[in-house]
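As you go down the protein sequences, you meet chains A and B in turn.
Following this note's numbering, the numbering of the first sequence begins with 1 at its first residue and continues without gaps.
Following this note's numbering, the numbering of the second sequence begins with 1 at its first residue and continues without gaps.
Heads up, the beta-carbon is just placed ideally off N, CA and C, and yes, glycines get one too.
Worksheet for the structure shown next.
2 protein chains.
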Amino acid sequence: MAVAAPSRTDHLGKPSFPEAAAALKTMLEDELAATNEVILDHLGSQVSLIPEVATHLIQAGGKRLRPLMALAAAEISGAGGQNARYLAAAVELIHAATLLHDDVVDDSALRRGFKTANVVFGNKESVLVGDFLFARAFELMVKTGQLPVLDRLSRASCTISEGEVLQLETQGNIGATEAMHLDVIRAKTATLFEAAAQAGSSACGPSPHAEALASYGANFGIAYQLVDDALDYGLGGQVRGKSVGDDFRERKMTMPVILAYRAARSDEERGFWEAAFGGGEASFEEARRLIDRDRIGEAALHHAEGFAEEAVRAAESLPEHPLKEVLVSLAVSSAARPF
Amino acid sequence: MAVAAPSRTDHLGKPSFPEAAAALKTMLEDELAATNEVILDHLGSQVSLIPEVATHLIQAGGKRLRPLMALAAAEISGAGGQNARYLAAAVELIHAATLLHDDVVDDSALRRGFKTANVVFGNKESVLVGDFLFARAFELMVKTGQLPVLDRLSRASCTISEGEVLQLETQGNIGATEAMHLDVIRAKTATLFEAAAQAGSSACGPSPHAEALASYGANFGIAYQLVDDALDYGLGGQVRGKSVGDDFRERKMTMPVILAYRAARSDEERGFWEAAFGGGEASFEEARRLIDRDRIGEAALHHAEGFAEEAVRAAESLPEHPLKEVLVSLAVSSAARPF
């Protein structure tokens, strides 16, 4: 194995995840600004509520990782330009649409530290504006005229919805397995990173680097989501704009819970998790106590590390490019994220 | 004016709307069956809830007017075949997705006489499965490889969402005008009929008949929705599977209300409408009494007739084809629908 596992100790002194993400943003500053222009140009509507809701969500910030992934893939593949910006914008709009619908489905009240659109504008508005953003995303993709990219992105959109439905089905199911959870994550999160990287690479036609970049995106996406799920249990400390305990309250089966339930030492402890995810009242503090005691955070991150390693391996096969190194840093630091 | 207005008396002995729709279905029987196959093939998913929800909706029936419009346009334009079926299926899936989301937004309990998916499966499920159907629709369109069609259909999807948002904004606004209501109808209903006809015609490449068919679809769509809105006030008698009074309860501003409010004879009557649409309790029987007294049904249908006439005019410019006559009958009878 040529690539060292990105464990905590290996990467002391290496860029942290926020530093790697910031480096990516800086290197792609002009392209990202042009992509933001494309997005804002396409949020326009005579129906004033649409830009209001959409701008509320999109201006709220976020790391813009998905469009950055598309733009980086395009640059590395020599496919930068207007098509890449259209695709990066499309990917961000698909992401925004899924966030609007997710917040309705989850009854969420906060996202990135801001009130969610469903709270500010209403559930109905969020459903309909999400549909608008989704349709606009397709309109943008079509502008590139790249049929294989359109095919891949429309399939990816199907897969994302399937992942969301699958997550809804496993919600409250304490018997959910690691494999089931990885299926959810692959579909609902990794697919869009994968499609973003693949689309960016193929923005001007078939690219020899598209599959390596797709593999990078997919594996990075899984690692990223696994760490995100750990952050929701406060593992690794408080992160700005991120609320803790949402997954627990919504009875979403994520890796920390799956691992903690398996590590339970008594019927009483198993009963605690069964009650918590079966709809009973349960203390988040007790959940965290058990998770800390059994070092579930480290076990969950260990899972992430395996996928980050795969992402690094995929990136290493790419041609030399300054952005390649940043992608490697991003993947390596993703699994070590909060620590 | 070459075409007679399709008034009640002119068309005694001519096919009724259900007869014209049935004739269209019969003439396109094989193509519609093949399109249904395409739809069922694309509802498959490892996530079992998706085919369950989708099948619940699609098997519930419906007139299949939108795919029939696409298939008829394709046949008339000499563009029948697999692409036309893909597009007809895509149009029906977009329609199904909007129905799923509409029922969530409107809190509807019945559609076509069956319990709605949001009641049977839940709102969350309806939102997410709607997204899946929408994405599948794009996947199907992409299979045709016809970029101008993709562009038109993705723009149409944006317009439909805009129409839905606009409708939500005018809900409960007794000051809404005919023009505002026609904007809503054009966007939320006519656009998909227009896009269906245009896409069918262009299924194998640019077609000289695409614009006439698009105009037919758009004008037919407006007439169809205006009559549908009148049916919701029981104008023209009970129609199977159609519940009455939904728009009134949901405070949707439709043509009967706009006309009845304008025809009100006293402050008391204006007050009745203002209270009913401002959120107060109001009697549907009283609304119907005022609507009947002022012959609002006929006035609303008169609006529809104008658009039906335009649709007929567009159809008359098409080359001779057995389906052309059926499209003319369909448009003529649409405005005379319930009578």
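Review point. What number of angstroms, rounded off, separates the C-alpha of B:Q82 from the C-alpha of B:L93?
Key: 16 angstroms
Practice item. Alpha carbon to alpha carbon, how far is B:A135 from B:A21? Give it in angstroms, no decimals. Key: 29 angstroms
Exercise for review: Could you tell me whether any Cβ in chain A is nearer than 9 angstroms to the Cβ of B:C155?
Suggested key: Rather than Cys, the amino acid found at residue 155 of chain B in this sequence is Arg. Chain A contact via Cβ: present.
Review point. If you measure from the beta carbon of A:H101 to each beta carbon in chain B, is any gap under 9 angstroms?
Key: yes
Check your understanding: Which partner residues does A:F114 have in the DSSP bridge list?
Key -> A:R111
Point to revise | Any chain A beta carbon closer than 9 angstroms to B:F138 | key: yes
Practice item. Can you give me the Cβ contacts of A:D247 inside the same chain, cut-off strictly under 7 angstroms, excluding the 5 residues immediately before and after it? Key: D229, D232 and T254
Review point. Excluding five sequence neighbours on each side, which residues of the same chain lie with their C-beta closer than 6 angstroms to the C-beta of B:S108?
Key: T116
Check your understanding: Taking Cβ positions, are A:Q198 and A:G217 nearer each other than 9 angstroms?
Key -> yes
**Study point:** Residues near A:G130 by beta carbon distance below 6 angstroms, same chain, minus five either side
**Key:** A97, L100 and H101
Review point. Taking C-alpha atoms, which residue in B:V328, B:A335 and B:A336 lies nearest to B:A23?
Key: B:V328
**Study point:** Rounded separation between A:A34 and A:F220 - CA only
**Key:** 25 angstroms
**Study point:** Inter-residue Cα distance where the pair is A:F121 and A:G113
**Key:** 17 angstroms
Exercise for review: Go ahead and label B:N173 buried or exposed: buried means 16 or more other beta carbons lie within 10 angstroms of its beta carbon, across all protein chains shown.
Suggested key: exposed
Practice item. Out of A:R251, A:A90 and A:H302, state which residue places its alpha-carbon closest to the alpha-carbon of A:F193. Key: A:A90
Review point. Would you report the Cα separation of A:R8 and A:A263, rounded to the nearest angstrom?
Key: With a pLDDT of 41 at A:R8, under the threshold of 50, the modelled position of that residue is not reliable, and the figure given next carries that caveat. Roughly 23 angstroms separates the two Cα atoms.
Review point. Going by alpha carbons, who is nearest to B:N341 out of A:D106, A:V119 and A:A73?
Key: Residue coverage of chain B in this structure runs from 1 to 339, which leaves residue 341 of chain B outside it and unanswerable.
**Study point:** Buried or exposed by the 16-neighbour rule on C-beta atoms within 10 Å, applied to B:Q225
**Key:** buried
Review point. Of all the CB atoms in chain A, is at least one closer than 9 angstroms to the CB of B:S108?
Key: no
Point to revise | Contact set for B:L166: own chain, Cβ-Cβ below 6 angstroms, skip 5 residues either direction | key: V184
Point to revise | B:E285 versus A:P51 - alpha carbon distance | key: 39 angstroms
Review point. What did DSSP end up calling A:Y233 once you bin it into helix, strand or coil?
Key: coil
Review point. Are A:A203 and A:A156 close, meaning C-beta to C-beta below 9 angstroms?
Key: no
Practice item. Determine whether the Cβ of B:L327 lies closer than 9 angstroms to any Cβ atom of chain A. Key: no
Check your understanding: Exposed or buried, what is B:E162 when buried is set at 16 or more other beta-carbons lying within 10 Å of its beta-carbon?
Key -> buried
**Study point:** Closer than 9 angstroms to chain A by CB, B:L192
**Key:** no
Review point. When you compare each of B:E19, B:I76 and B:V332 to B:G306 by their alpha carbons, which one comes out closest?
Key: B:V332
Point to revise | Candidates A:L133, A:D41 and A:I222: closest to A:A300 by CA position | key: A:I222
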